[in-house]
Ligand SMILES: Cc1cc2nc3c(=O)[nH]c(=O)nc-3n(C[C@H](O)[C@H](O)[C@H](O)COP(=O)(O)OP(=O)(O)OC[C@H]3O[C@@H](n4cnc5c(N)ncnc54)[C@H](O)[C@@H]3O)c2cc1C
């Protein structure tokens, strides 16, 4: 690792000014589990590092007036996994956080770092998009909000412009009769990045026979997280029969744009999208234990 300037500002304004002043070679630091690894192996060469951890308010988990939730960008995966508020209202997020890294990694890694790093395999992205989350971005031009679905531009690239920071993720109020699941295919039991990730959120009708709304988001099978509306539409407003579930899973696999890499072939990834989508739907319908 080469020498770099290190800053630990105490306000958001100061952090933004430092990033603007140091230009392209300046990087915000959250938990450092991606950034430090990349710098150590020479995949990036920071000239300045701006630690965000001393800025108050960035690691709050706070209920919103409309019944939604504000999740600070610096909230760690461990905090998401153990928060009773998140466990009660957005269990999908707690469940996802528990599937990521190890205890050590979860204690350091933040939700904002996971999203801003923009790896196609980032586990937090599919469930947050399936829950219709919004990104709060603050920079030299002030604050703006972007639907998380539009936040990712490609591997390592996001909606963030230079000098901008992700400060929070906003979740809409939980909807009635809604359940979600995130299934992640990995080779080992832990500490692996997803070969494929599938998040499914279904809002059931009163009798729980049909879905009033469906969201399916895939991870690790395209340059960005992929919402598959062609698969969702099969499930809405009709009985959730086995045929429909299979058709939705087939469409999700068809929409995937996987690549061959050292972890998996594209063919296997596409097959696993179909398997996991079908399993996720079965799980949500039957409340069966996750597999
Ligand atoms: C052993 C190991 C296991 C892992 N397992 C998993 C796993 O199971 N699933 C998974 O998805 N990931 C995994 N990861 C990757 C990593 O831990 C996560 O992506 C983590 O959430 C990154 O968060 P961080 O706070 O450490 O980010 P950092 O490393 O601090 O930052 C990541 C990037 O985002 C930028 N950034 C950070 N915060 C902000 C912000 N608020 N605004 C703007 N830019 C920002 C940084 O400049 C940097 O470019 C693993 C990593 C390791 C080393």
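Residue numbers (the working numbering): 310 to 600.
Backbone N, C-alpha and C define an ideal beta-carbon position, used for all residues, glycine too.
Checking the 8 angstroms criterion, the Cβ of residue 408 is within range of a heavy atom belonging to ligand 1. For the pair of segments examined, the stretch 358 to 365 was found to touch the stretch 315 to 325: the number of CB pairs separated by less than 8 angstroms reaches three. In the DSSP assignment, residue 592 falls within the unbroken alpha helix (DSSP H) covering 575 to 595. By the criterion of at least three beta-carbon pairs nearer than 8 angstroms, the stretch 402 to 411 is not in contact with the stretch 509 to 516.
For residue 522, the secondary structure class from DSSP, reduced to helix, strand or coil, is strand. Residue environment analysis places residue 419 among the buried positions, since at least 16 neighbouring C-beta atoms fall within 10 angstroms of its C-beta. Judged by DSSP in its simplified three-state form, residue 337 adopts strand. Residue pairing from DSSP places residue 493 in a beta bridge opposite 506.
Residue 387 sits buried, since 16 or more C-beta atoms from the chains shown fall within 10 Å of its C-beta. For residue 453, the secondary structure class from DSSP, reduced to helix, strand or coil, is strand. Proximity of the stretch 475 to 494 to the stretch 366 to 377 meets the contact definition, three or more beta-carbon pairs being nearer than 8 angstroms.
With a cut-off of 8 angstroms, the C-beta of residue 438 is classified as distant from ligand 1, since no heavy atom of the ligand falls inside that distance.
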